[in-house]
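For reference, the structure is listed below as structure tokens.
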Amino acid sequence: MPFPVTIICELLGVPFEDRAEFRGWSDQVMGTVGNDTPQAALEGMTKLHAYFTALVAKRRAHPTDDLYSALVAARDNDDRLSEDELVRFGITLLVAGHETTANMLGNSVITLLERPDAWQRLLDDPAAVPGAVEELLRFVPLGSGAGFPRIATEDVQVGNAQVKEGDALLVVVSSANRDESVYPNSGELDVDREVGQHMQFGHGIHFCLGSQLARMELHVALAAVLRRMPGLRLVEPVEFRKGSLVRGPIRLRVSW
Ligand code: HEM
184 MPFPVTIICE
194 LLGVPFEDRA
204 EFRGWSDQVM
214 GTVGNDTPQA
224 ALEGMTKLHA
234 YFTALVAKRR
244 AHPTDDLYSA
254 LVAARDNDDR
264 LSEDELVRFG
274 ITLLVAGHET
284 TANMLGNSVI
294 TLLERPDAWQ
304 RLLDDPAAVP
314 GAVEELLRFV
324 PLGSGAGFPR
334 IATEDVQVGN
344 AQVKEGDALL
354 VVVSSANRDE
364 SVYPNSGELD
374 VDREVGQHMQ
384 FGHGIHFCLG
394 SQLARMELHV
404 ALAAVLRRMP
414 GLRLVEPVEF
424 RKGSLVRGPI
434 RLRVSW
């Protein structure tokens, strides 16, 4: 069971023992099970909606010491969320809070194992892990597509393209992570690079709400893998899933 699931369950207040069910529905929504039809995604979302509607009722009757109980109170006491927003926010936090980080961790380990010098560098100096995580966030693509559509709020020229106010666009924001004018040799992983700002957590008003939590989880988990399994190695070429929203391996065979 990926470590990010336990963390988000505990913070949000989603019972960990329900993980088999909600992970299945979440996988359907993200298309990570090879069953990536719109019907499967809709079915997964409907199941998650029913699950969180029931969880709201439980937390309302018996509040606990977690984020979801606090959100229920924000709705009931201050009227700061509608009932539907409350349910959908729970789904967003649960799904965004584990699929991304779990896959980022797997993809990061693969990227390092494919580059034994980088793996060895982190074994020699565990203090370099936080910097390496930032470079991995820059270097490793996580979204397998362009994510959510955007609507232009004004006319704008992008390269040779004229975008008109009201146009719908699919923007591959993460391509900026390979901008040569910002990151020389952008196609190379350099765990000692001074990365500065990158686009893996998005930009602007929808900048990732969980970026600091994700960073912390990645630091802790990667350091633990290096410490406990220094001789980790891939035993077969990695095959990535196709058609899912979040890029990740179909399976990962390793030995140590
Ligand atoms: C490596 C891990 C993660 C990555 C790469 C990531 C990436 C992103 C990106 C790119 C966006 C912006 C989407 C857009 O502009 O359309 C976003 C938004 C969001 N993320 Fe993350 N995320 C990660 C982990 C997390 C975690 C752990 C949580 C929850 C605790 C989380 C919760 C959210 C939420 C709620 C939003 C929507 C924010 C808004 O629309 O205002 N994310 N994330």
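Remember, the numbering used here sits 183 above the position in the sequence shown when you count from 1. All residues carry an ideal CB built from backbone N, CA and C; glycine is no exception.
**Request:** Report the three-state DSSP secondary structure of residue 222 (helix, strand or coil).
**Result:** Of the three classes helix, strand and coil, the one that applies to residue 222 here is helix, per DSSP.
**Message:** Taking the beta carbon of residue 344 as the centre, do at least 16 other beta carbons fall within 10 Å, making it buried, or is it exposed?
**Reply:** exposed
**Prompt:** Based on the DSSP output, what are the partners of residue 351 in its beta bridges?
**Reply:** 334
**residue 366 to residue 311 span [Cα, whole Å]** = 19 Å
**Asked** What is the DSSP secondary structure of residue 339, reduced to helix, strand or coil?
**Response** strand
**Prompt:** Do the stretch 255-271 and the stretch 362-378 meet, that is, are 3 or more Cβ pairs less than 8 Å apart?
**Reply:** no
**Message:** Counting beta carbon pairs with one atom in the stretch 415-435 and one in the stretch 305-321, are three or more of them shorter than 8 Å?
**Reply:** no
**Request:** Could you tell me which residues DSSP pairs with residue 237 in its beta bridges?
**Result:** None; residue 237 has no bridge partner.
**Message:** Beta-carbon within less than 7 Å of residue 348's beta-carbon, same chain only, minus the 5 sequence neighbours each way: which residues are those?
**Reply:** 335, 336, 337 and 338
**Item:** Length of the line joining the Cα atoms of residue 326 and residue 189
**Value:** 22 Å
**Request:** Using 7 Å as the cut-off, classify the Cβ of residue 334 as near or not near the heavy atoms of ligand 1, replying yes or no.
**Result:** no
**Nearest neighbour of residue 195, chosen from 248, 207, 212 and 230 [CA to CA]** = 248
**Prompt:** If you draw a straight line from the alpha carbon of residue 233 to that of residue 297, how long is it in whole angstroms?
**Reply:** 42 Å
**Prompt:** Among the residues of its own chain, which have a CB less than 7 Å from the CB of residue 320, if the five just before and after it don't count?
**Reply:** Counting only Cβ-Cβ distances below 7 Å, and skipping sequence neighbours, we find 381 and 383.
**Message:** Between residue 319 and ligand 1, is there a pair consisting of the residue's CB and a ligand heavy atom that are separated by less than 7 Å?
**Reply:** no
**Request:** Measuring alpha carbon to alpha carbon, tell me which of 357, 439, 226 and 388 ends up nearest residue 323.
**Result:** 357
**Item:** Straight-line Cα distance separating residue 331 from residue 386
**Value:** Distance between the alpha carbons of residue 386 and residue 331: 13 Å.
**Message:** I want to check one thing, is the minimum distance from the CB of residue 189 to the heavy atoms of ligand 1 below 7 Å?
**Reply:** Residue 189: no, Cβ never under 7 Å from ligand 1.
**Item:** Heavy atom of ligand 2 within 7 Å of residue 385 beta-carbon
**Value:** With respect to ligand 2, the structure offers nothing, as its ligand set consists of ligand 1.
**Separation of residue 414 from residue 259, as counted between CA atoms** = 53 Å
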